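**Student:**
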Amino acid sequence: ASRFDFNDNFAIRGAINSGFRAPAAGQLFGTSQTSQLTVDGDFILDAVLVPGSPAASIFGSEQLTAETSDSISAGFVFSSGDFAATLDFYQIDVDGRLLLSEQIDTTAEQREQLASIGYTNGANVQSVRFFQNKLDTRVRGADLVATYIARYSDSGQFTKYNLALTYNDQILRSDPEGVFSDNAVLEFEEGIPALRGNFTATHHFGDFDLLGRATYFGK
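Counting in the numbering used here, the final residue of the sequence shown is number 1179, and the numbers go up one at a time with none missing.
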């Protein structure tokens, strides 16, 4: 990471990072069975399997590994009197991201295999899920934060205005075929607002603060 100050008012900054995240205990060893309600009003038995276990291996599951990431960021810093602002751009690439699979409908043969290895309720499990490392993702975005303090004569009263905007675009960098359906890809890439922001005004007088905030979420 580095920063260069051109003068007292303006600076640029940037950073390059690499990292990893090991699977959590729940992702490595968590298992459950629940009754799920279908659109037809029927119940089916859904199981979350331990990745790489004999039961999960029937459906092609493998042992989990750590996520790895590379990220870069660059931005500007400006300040003058009672006004200050920062604008930063970033990109984060994650390889082997830890994601829960979609529900996989079991076949009669697979249910027989589950029962044959002694998996609890194996003959009745109609869908399974498990964590996996089969997709690479990328997040690109920008953050803008601006603050202005309006002071009122010598009364000691002032109002602090703060604006924060975030633009965030999340995509898959690897082929989701056989891992995620088109609907799951759509939810992953478009399921959260790309643009979010809030504007806050805080008025200080004596021993009191009065705060108002407006929040915006994109579609």
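Here a beta-carbon is modelled for each residue, glycine too, at the ideal position from N, C-alpha and C. What you are looking at is a predicted structure, and each value in this text was computed from that prediction instead of being measured.
1) Which two residues bound the contiguous alpha helix (DSSP H) that contains Val-1010?
2) Output the residue ranges of the alpha helix (DSSP H) runs that lie fully inside the segment 975-1024 and measure 4 residues or longer, sorted by chain position.
3) Apart from the five residues just before and just after Gln-987, which ones in its own chain have a Cβ nearer than 8 Å to its Cβ?
4) Do Arg-963 and Ala-971 have their beta-carbon atoms positioned less than 7 Å apart in this structure?
5) Measuring CB to CB, does Asn-1122 end up less than 7 Å from Thr-1160?
6) State yes or no: is the C-beta of Ser-1134 within less than 7 Å of the C-beta of Leu-1095?
7) State the start and end residues of the unbroken beta strand (DSSP E) segment that holds Ala-1161.
8) What residue from His-1164, Ala-1154, Asp-1169, Ser-1039 has the CA that sits closest to Val-1105's CA?
9) Just list the beta strand (DSSP E) runs in the segment 1018-1068, keeping only unbroken ones of 3 residues or longer that don't cross its boundaries, in chain order.
10) Cutting at 7 Å between CB atoms, please list the residues of its own chain near Thr-1028, excluding the five before and the five after it.
11) Any idea what DSSP makes of Asn-1128, helix, strand or coil?
12) Would you give the residue range spanned by the alpha helix (DSSP H) that Asp-1142 belongs to?
13) What would DSSP say about Ala-911, mapped onto helix, strand or coil?
14) Would you mind stating whether Leu-1155 and His-1163 have Cβ atoms separated by less than 7 Å?
15) Could you pull the start and end residues of the beta strand (DSSP E) that Ser-1087 belongs to?
16) By a C-beta neighbour count over all protein chains shown, 10 Å radius and 16 as the cutoff for buried, is Ala-1015 buried or exposed?
17) Gly-1172: buried (16+ other C-beta within 10 angstroms of its C-beta) or exposed?
18) Out of curiosity, what's the CA-to-CA distance linking Ser-1013 and Ala-961?
19) Spatial neighbours of Ala-1174 within its chain, please: CB distance less than 7 Å, with the 5 preceding and 5 following residues excluded, ordered by chain position.
20) Let me confirm a value: Asn-1093 is counted as buried when at least 16 other C-beta atoms fall within 10 Å, else exposed. Which label applies?
**Tutor:** For this structure:
1) In the sequence shown, residue 1010 corresponds to position 50, counting from 1. First-last for Val-1010: undefined, no H or E at that position.
2) DSSP runs (the alpha helix (DSSP H)) wholly in the segment 975-1024: 985-989, 1014-1017.
3) On the sequence shown, residue 987 is found 27 positions in, with the first residue counted as 1. So the qualifying residues of the chain are Pro-1011, Leu-1024, Leu-1058, Phe-1091.
4) Taking the first residue of the sequence shown as position 1, residue 971 is located at position 11. Taking the first residue of the sequence shown as position 1, residue 963 is located at position 3. The answer is yes: Cβ separation under 7 Å.
5) By one-based count along the sequence shown, residue 1122 stands at place 162. By one-based count along the sequence shown, residue 1160 stands at place 200. Cβ atoms of Asn-1122 and Thr-1160: closer than 7 Å.
6) As a working note, residue 1134 is residue 174 in the sequence shown. As a working note, residue 1095 is residue 135 in the sequence shown. Contact: yes.
7) What you label residue 1161 is simply residue 201 of the sequence shown in a count that begins at 1. Where Ala-1161 is concerned, the enclosing beta strand (DSSP E) stretches over 1155-1165.
8) Counting from 1 along the sequence shown, the entry for residue 1105 is found at position 145. Residue Ser-1039 is the option with its Cα nearest to Val-1105.
9) 1027-1040, 1043-1060
10) If you number the sequence shown from 1, residue 1028 lands on position 68. Hits under 7 Å: Phe-980, Asp-1055, Gly-1056.
11) Here residue 1128 refers to the residue found at position 168 of the sequence shown. Reduced to three states, the DSSP call for Asn-1128 is strand.
12) By one-based count along the sequence shown, residue 1142 stands at place 182. For Asp-1142, the enclosing alpha helix (DSSP H) covers residues 1142-1150.
13) No information on residue 911 is available, as it lies outside the stretch 961 to 1179 that the chain covers here.
14) Stepping through the sequence shown from its first residue, residue 1155 is reached at position 195. Stepping through the sequence shown from its first residue, residue 1163 is reached at position 203. Contact flag unset, no.
15) Numbered from its first residue, the sequence shown carries residue 1087 at position 127. 1085-1089 is the span of the beta strand (DSSP E), which, as asked, contains Ser-1087.
16) The count along the sequence shown starts at 1 and reaches residue 1015 at position 55. The residue in question, Ala-1015, is buried, as its Cβ has 16 or more Cβ neighbours within 10 Å.
17) The count along the sequence shown starts at 1 and reaches residue 1172 at position 212. Flag for Gly-1172 reads exposed.
18) Stepping through the sequence shown from its first residue, residue 1013 is reached at position 53. Stepping through the sequence shown from its first residue, residue 961 is reached at position 1. Roughly 42 Å between the two C-alpha positions.
19) Within the sequence shown, residue 1174 is the residue found at index 214, counting from 1. Setting aside the 5 residues that flank it on each side, Ala-1174 is surrounded in the same chain by Asn-1158, Phe-1159, each with a C-beta closer than 7 Å to its C-beta; the list follows chain order.
20) One-based indexing of the sequence shown puts residue 1093 at position 133. It counts as buried.
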